[in-house]
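Q: From first to last, the protein sequence lines are chains A and B. Numbering of the first sequence is given in this note's numbering, commencing with residue 1 and proceeding in unit increments. Numbering of the second sequence is given in this note's numbering, commencing with residue 1 and proceeding in unit increments. Take a look at the following structure, please.
Protein chains: 2
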Amino acid sequence: MNQFVSGVWRYCFGSAEDASPVRFFGGGAARLEDAGSVSLPFGYKDITVRFTRRGSVVELPMKNDENFYGFGLQFFSLNHAGRRRFMKVNSDPSADTGESHAPIPFYVSTAGYGVLVDTFRYVTFYLGTNGAKGSSKVFAKPMKAHREFSEQSLYALKQAHNERRVLIEIPNCEGADLYFFEGPSMLDVVCRYNLFSGGGCIPPLWALGNWYRLYGGADQNFTLQLAETFRRQGIPFDVIGLEPGWQSHSYSCTYQWNAFLFPEPDDLLHQLRRQNYHVNLWEHVFIHPHAELYAKLENRSGDYEVWGGLVPDLADKKTRELFGGYHRDHFVDNGISGFKIDECDNSDFNPSSWSFPELSSFPSGLDGEQMHSALGLLYQKTIEQAFRDRGIRTMGQVRSSWALAAKSPFVLYSDLYDHRQFIRALVNSGFSGLLWSPEVRSCEDAEDLIRRLQSVVFSSQSLLNCWRIPNPPWFQTDLAKNLAGEKMNGSDAVTAIVKKFLELRMKLIPYFYAAFWRYHLEGRPPVRALALDYENDGLTHTIDDQYMFGDSLLVAPVFRGQTSREVFLPAGEWYDFWTHERLSGGKTIVCKTDLEILPVFIKSGVIFPLAEPVLCVKEDTVFDLTVFCFGGGEKRFTLYEDDGLSLAHEEGKYNTLVLTQDGNGSVSAVRTGTEPPRYVVREWNGIDCGVLS
Amino acid sequence: MNQFVSGVWRYCFGSAEDASPVRFFGGGAARLEDAGSVSLPFGYKDITVRFTRRGSVVELPMKNDENFYGFGLQFFSLNHAGRRRFMKVNSDPSADTGESHAPIPFYVSTAGYGVLVDTFRYVTFYLGTNGAKGSSKVFAKPMKAHREFSEQSLYALKQAHNERRVLIEIPNCEGADLYFFEGPSMLDVVCRYNLFSGGGCIPPLWALGNWYRLYGGADQNFTLQLAETFRRQGIPFDVIGLEPGWQSHSYSCTYQWNAFLFPEPDDLLHQLRRQNYHVNLWEHVFIHPHAELYAKLENRSGDYEVWGGLVPDLADKKTRELFGGYHRDHFVDNGISGFKIDECDNSDFNPSSWSFPELSSFPSGLDGEQMHSALGLLYQKTIEQAFRDRGIRTMGQVRSSWALAAKSPFVLYSDLYDHRQFIRALVNSGFSGLLWSPEVRSCEDAEDLIRRLQSVVFSSQSLLNCWRIPNPPWFQTDLAKNLAGEKMNGSDAVTAIVKKFLELRMKLIPYFYAAFWRYHLEGRPPVRALALDYENDGLTHTIDDQYMFGDSLLVAPVFRGQTSREVFLPAGEWYDFWTHERLSGGKTIVCKTDLEILPVFIKSGVIFPLAEPVLCVKEDTVFDLTVFCFGGGEKRFTLYEDDGLSLAHEEGKYNTLVLTQDGNGSVSAVRTGTEPPRYVVREWNGIDCGVLS
């Protein structure tokens, strides 16, 4: 790590703590005071700091019309200007406070810069909320008493008029470093931040297929039977996830197989691998007294228990090696492909010991506050390393993260479950180097199932979490009836739609895999707010229910109950994903939303590949591509080919397959590299683009 | 103040901060280490403290079966054992974290003691949540893998088994004082705490009547017309409350009349007083630049604005004098009887500057965190003093409070609005020296209106807050239709029921006024959880939807949609409030809940006075009493008579009127004191009590 990303500047004040995201996970940067020409709207001397009994306070300038994005996985707001944001890991953020599974002390400004506060403390940001004393005085108009009553005017958003400032309070410290990321565009800022984080992760290719998490009461036979059923029915799944029941004890965890439910795990894994499934195991980090790991880590844990188990000090390298090494030896080496790492997100309001107190201390020197912030990402790094030790990639799920997470191959999920909030979180995730899955869990009815599935297919992880139901949700969405084995009316029609969208996910794999390569190489998030791609169009700045999926697709999810929805198309030409109908942008259109249709639009001027769907991604899968050219002009799209499994790509072992259309309309596919081909272009199609049309 | 209450002990550690509840509002106590025989289940040496970068940590012993009550105005839980409680003032507590308008760092234990942490810091309590590392090891049974899946077992509440401790983290300080309150009963603890606070408040007599807060769009004529209508219709109200519209500007506040809507306030007040109304004015503490107070307090305010207004430093005596003196001179002297003091409860998740940052600093030395905790009670003290300066009592409403509030004549209210939560808050309020009104605001329908009214009549403040509707809710509960002036079907019948319950409130005044006198003299809360009166019956320990109202009444509110409800009657005999039917306690009964009936029960063995209802409480009102004796045995009830207005009672200027029934069944009413009588006993009635029956 420690690469030096241009346009990143460090501002140091006071005496920073030893434990911080950059010190743990990050890159390097020049000090701001030494900077020559810096493209920030304010300079070193415009920043003020002071120290209080509570910690450190930083004040930054702010323009009156400046808006802010980021702060991690936010469910309630998109633009954070005029708000207070409290960066505390909280598994159940029930109000718009800034708390979240993955709050990130990083924001992006429409004025073309980003700010990272390099700390594991519960930072609070006041983003132009409160003027300094007296600053409103000159703005107070001559008093005219109101003649009429209006609730709106009573509570109208009254931001500070004058001398707007960003106030940052970093508690319990006597200094910290701030990092400033130059633009000029917000997307430039985000890319810089992600590169500073080490570049985005590249998932194994199979991880871009569909995921199915099994019923919590599953045993070995149940698991095999359902896996075989999917293959027999031609429903594409790449990953089978086992929930807590696989372990001999939870909560807390033993990390050992349940001998009653899973008497022969090696055989199970063998049979699943034979059908080309990848297996993901649920766990959390709290170690049960009967776990083999307990004795090894008792002296390397925090001073308080959670669920009667140890809290291993993952800020300590040796502890990570022991915890990760156990996973490597017992699971990676036995063919497990990844983990779902749960409950690391400080369940704040649950009764009893669902997490450790903030007053905890750890042998590494971290306290409970710092550990709550750091734990999710440390846990990810620990598990990832177990796979890296064997030279292979993983992708998992995680319930918490923190700053500089882009390189980590884990996708966030949540026990919250409001579909609308989930989509807002998806839009927000791309500002802060996070991946997010609006996983399909329980559903109100078939419509809800389909609407949720449609959006999860267009997310970083196409995941159904069926831990509460023995039968798939397309068989029955009602919990009690599912448990009773009662098929719902219309199940066959629902199954057909579900299958169609799971197959669509498989068609998108080459396209979306390329998006992850750009995430890795350029820092460009694979899923993004429209405000990042169309920053100059101010109308995009408030859109939190549409997003860009990869380079070329604009997705507008539909929620249960909607029979039509408005979609804003930025200026330019667009094509309906399903009909290829051409549409003019720069305006809001109304889309009808038949249950089988999710509004998706393709940008004009792009090359867009779609694969023949496969049932799963094997080591030797070669995708047959149909390539579409949309609209006029020269265009280019780069696909990446590698083994999809190992770390060899880090040594340059990959091909690029560059698809181009030149000014005359001629197309070509040019491969560079010597790895086995992963893609074959079977067909070119052109829509409004000259010769191919 | 500074009286020395027996059975209260102080534990000092480190270097306590200058600003604290006891230093600001409290009594005195002996140091625990100097104590002789102390009735606490643990001693001085069982308490440990340590200091961290985050602040101070105290650990106290805890028994495995110990339960905890208190922590102020809690909406979500009754028993807090096994939970984490975060004492942060928050106007919108949306989850069970401990945050609230009035979180109080004071709890009562079933082991017969209470603990107050004397701080304005955001204390966190971990009440037996997490065992120390290794403490669960010896309890972990030999591993037996589970054979069946159960969600219940997965997440079962797993409290620490061994070495349960109470962990208290006090941030941002290097020491604090703890106060321990002896029992032996929980009620003894609560009484001691309230006496330590100076004893409970005694409201002016009129304040126990009914309150009506007017439509926000009201002008002078509207106000007068509605007030006259109530009198003409014989609907009893004592207090008219004006909402923000009375001021020339809000938010922030000018504390000046709106010249358009209220051109002649003196005339208005004169006419309302002539009809024996008391007038309460809404305000908040944030001072608009055009307020007369602005210039005086600019140098006595915090360094950040709220709503463009000053945040006066009410921790400073001179500031309190200026702010309170303005209210005295402009409002108390003009006949205003009280204030509703809003928005002092740190609206945490609202956008923009709805409150001041925690990083604020105040001239007195308090920071924003401390001020958030202290502000509500300081504000109450400031306003109360404006009345005390003129030798009169007030009662108001307030949105926030803190430790040692019992003496303060303000009732809490909330913008939350779940009726069930409101009743839980009512049950909880009595543990921590708080008064709470489940005010009637908007209502789903007539049933909701009546159910809410029935419980508010049996609370510390019988308050309807009709700020959004020009017509009374019994005319129309639907907001839009109310604004349109459209009368609802059945309005006349609803009006009759509403009137009946408002009259019932008037009948209860002498009884309930006596409860406040016990609050003042003995610390006994006027509204209490059953667990306080019937602690020996463990079944009462979880009841959060019934409560004691005064000495003798058990109230069981009904919620919209209920057609019957279960009521637990503690051991002994009870009498139905409405029918005087005798019921045996020690069991749960099922009550039918006709809309006109709220289940209320009278203890056997009490004397219970009911007054002839009056339309309002005048200075010279004398209540005609019908006195009931319920059940056998000697019994006694003390009524208190005074002017009901002034502070003369503090100089001993009051009578007692002691109602007794002796062993032979003979009754007597004996007055002691020379004040004009307030009560006349017109009739004695006996139920199951010998001669009178």
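Cβ atoms here follow ideal geometry from the backbone N, Cα and C, with glycine treated the same way. The structure presented is a predicted model; accordingly, all values stated were derived computationally and were not measured.
Can you tell me whether GLN461(A) is helix, strand or coil according to DSSP?
A: Coil at GLN461(A), not helix or strand.
Q: Quick check: the Cα distance between ALA218(B) and PRO470(B), rounded to an integer number of angstroms?
A: So the alpha carbons of these two residues sit roughly 7 Å apart.
Q: With DSSP collapsed to three states, give me the class of HIS284(A).
A: Strand at HIS284(A).
Q: Which one or two residues does DSSP pair with LYS592(B) in a beta bridge?
A: In the DSSP output, where bridge partners are listed per residue, LYS592(B) has SER564(B).
Q: Can you list, in chain order, the residues of its chain with a C-beta nearer than 8 Å to that of MET1(B)? Leave out the 5 residues immediately preceding and following it.
A: Confidence is the limiting factor: at MET1(B) the pLDDT is only 31, short of 50, which leaves the residue's position unreliable and the question unanswerable from this model.
Q: How is the beta strand (DSSP E) around PRO105(B) delimited, first residue to last?
A: Unbroken beta strand (DSSP E) run through PRO105(B): 103-109.
Q: Could you please give me the residues that DSSP links to ARG636(A) through a beta bridge?
A: In the DSSP output, where bridge partners are listed per residue, ARG636(A) has THR660(A).
Q: Determine the direct distance from the alpha carbon of THR319(A) to that of PHE362(A), and round the result to whole angstroms.
A: Looking at the two C-alpha atoms, the distance is approximately 11 Å.
Q: Which of helix, strand or coil does DSSP assign to PHE76(B)?
A: Coil, per DSSP.
Q: May I ask you to list, following chain order, the residues of the stretch 492-515 of chain B that have a beta carbon less than 9 Å from some beta carbon of chain D?
A: Absent from the structure is chain D; the protein chains it does hold are A and B.
Q: On the premise that GLY114(A) lies in contact with VAL22(A), defined as a C-beta separation below 8 Å, what is that separation, rounded to the nearest angstrom?
A: About 14 Å separates the two Cβ atoms, so there is no contact after all.
Q: Classify GLN3(A): buried if its beta carbon has 16 or more other beta carbons within 10 angstroms, exposed otherwise.
A: Here GLN3(A) scores only 45 on pLDDT, less than 50, and its place in the model is too uncertain to base an answer on.
Q: Please list the terminal residues of the continuous beta strand (DSSP E) segment that includes ALA480(A).
A: Not the beta strand (DSSP E): ALA480(A) falls in the alpha helix (DSSP H), residues 479-483.
Q: Throw me the rounded Cβ distance for the PRO265(A) and VAL285(A) pair, which I believe falls under 8 Å.
A: With a Cβ gap of about 21 Å, PRO265(A) and VAL285(A) do not count as contacting.
Q: Residue range of the beta strand (DSSP E) that PHE51(A) falls in?
A: Taken as a continuous stretch (DSSP letters only), the beta strand (DSSP E) holding PHE51(A) covers 48-52.
Q: Nearest CA to the CA of GLY433(B): which residue from TRP211(B), ASN221(B), ARG518(B) and LEU416(B)?
A: If we check each option's Cα against that of GLY433(B), ARG518(B) comes out closest.
Q: According to the neighbour-count rule (16 or more other Cβ atoms, all chains shown, within 10 Å of its Cβ), is VAL680(B) buried or exposed?
A: VAL680(B) is exposed by the Cβ-count criterion.
Q: Applying the criterion that 16 or more other CB atoms from any shown protein chain within 10 Å of the CB defines a buried residue, is TYR193(A) buried or exposed?
A: Classification for TYR193(A): buried.
Q: Please name the residue, chosen from SER6(B), GLU444(B), SER604(B) and ASP551(B), that lies closest to GLY183(B) on a Cα-to-Cα basis.
A: Minimum Cα distance to GLY183(B) is reached at SER6(B).
Q: For THR232(A), is the classification buried or exposed, using 16 other Cβ atoms within 10 angstroms of its Cβ as the cut-off for buried?
A: The sequence given here places Arg at residue 232(A); Thr does not occur at that position. The residue is exposed, with fewer than 16 neighbouring Cβ atoms inside 10 Å.
Q: In three-state DSSP terms, what is ILE509(B)?
A: Three-state result, ILE509(B): helix.
Q: Measuring CB to CB, does SER109(A) end up less than 7 Å from GLU59(A)?
A: No; because the gap between Cβ atoms is not below 7 Å, this pair is not in contact.
Q: Have a look at ASP688(B) and GLY663(B) and give me their C-alpha separation to the nearest angstrom.
A: If I take the Cα positions, the gap works out to 13 Å.
Q: Quick one, are the C-beta atoms of ASP544(B) and VAL411(B) less than 7 Å apart?
A: No, they are not a contact pair.
Q: Would a C-beta distance cut-off of 7 Å place SER252(A) and TRP307(A) closer than the cut-off?
A: Yes, they are a contact pair.
Q: Taking DSSP as the reference, what is the three-state secondary structure of HIS649(A)?
A: Helix, per DSSP.
Q: Could you spell out the range, first to last residue, of the beta strand (DSSP E) harbouring ASP342(A)?
A: ASP342(A) -> beta strand (DSSP E) spans 338-342.
Q: Which two residues bound the contiguous alpha helix (DSSP H) that contains LEU297(A)?
A: First-last of the alpha helix (DSSP H) with LEU297(A): 292-297.
Q: Compare the C-alpha of GLY55(B) against each of TYR11(A), ASN172(A) and THR97(A) and name the closest.
A: Residue ASN172(A) is the option with its Cα nearest to GLY55(B).
Q: Let's test the definition: count the other Cβ atoms within 10 Å of the Cβ of HIS249(A) and tell me whether it reaches 16, buried, or not, exposed.
A: Buried is the call here.
Q: What does DSSP give as the partner residues of ASN655(A) in its beta bridges?
A: ASN655(A) is bridged to GLU641(A).
Q: Is the beta carbon of PHE628(A) within less than 6 Å of some heavy atom of the ligand SAH?
A: Looking for the ligand SAH in the displayed structure turns up nothing, as the structure carries no ligands at all.
Q: Of the residues that make up the stretch 272-297 of chain B, which ones have a beta carbon closer than 9 Å to any beta carbon in chain A?
A: Those residues of the stretch 272-297 of chain B that come within reach of chain A (Cβ to Cβ, closer than 9 Å) are HIS288, PRO289, HIS290 and TYR294.
Q: Roughly how many angstroms lie between the CA atoms of LEU598(A) and VAL614(A), to the nearest whole one?
A: For LEU598(A) and VAL614(A), the distance between alpha carbons rounds to 22 Å.
Q: Sort GLU343(B), GLU634(B) and ILE607(B) by Cα distance to VAL657(B) and report the nearest one.
A: The question names Val, but residue 657(B) in the sequence shown is Leu. The candidate whose alpha carbon is nearest that of LEU657(B) is ILE607(B).
Q: What separation, rounded to the nearest whole angstrom, lies between the Cα atoms of SER552(A) and LEU569(A)?
A: Near 13 Å, if we compare the C-alpha coordinates of LEU569(A) and SER552(A).
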